[in-house]
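Numbering (this note's numbering), first residue to last: 56 to 120.
Below, the structure written as structure tokens:
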């Protein structure tokens, strides 16, 4: 028996999902790399996106102030 319809795990509050299509070989290499680095695929993707979009995130935060 799963969660009730409309239920959202507390850890997902305020989050949005994204979908990425990868070649199987790339996905496997990524999974192995995360294991070797002692992280999760989720955490690695968040770190990459945060780093990649860092300058934009800084501008967005400045503009809010």
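Glycine residues also receive a C-beta, built at the ideal position from the N, C-alpha and C atoms.
From residue 88 to residue 119, what distance separates their C-alpha atoms?
A direct Cα-to-Cα measurement between residue 88 and residue 119 gives close to 36 Å.
With the cut-off set at 8 Å, would you say residue 96 and residue 85 are in Cβ contact?
Going by C-beta atoms, residue 96 is nearer than 8 Å to residue 85.
Can you name, in chain order, every residue of its own chain whose Cβ lies under 8 Å from the Cβ of residue 112, other than the five neighbours on each side?
Here the set comprises 105.
Alpha helix (DSSP H) segment containing residue 67, residue limits:
No alpha helix (DSSP H) contains residue 67, which DSSP labels as neither H nor E.
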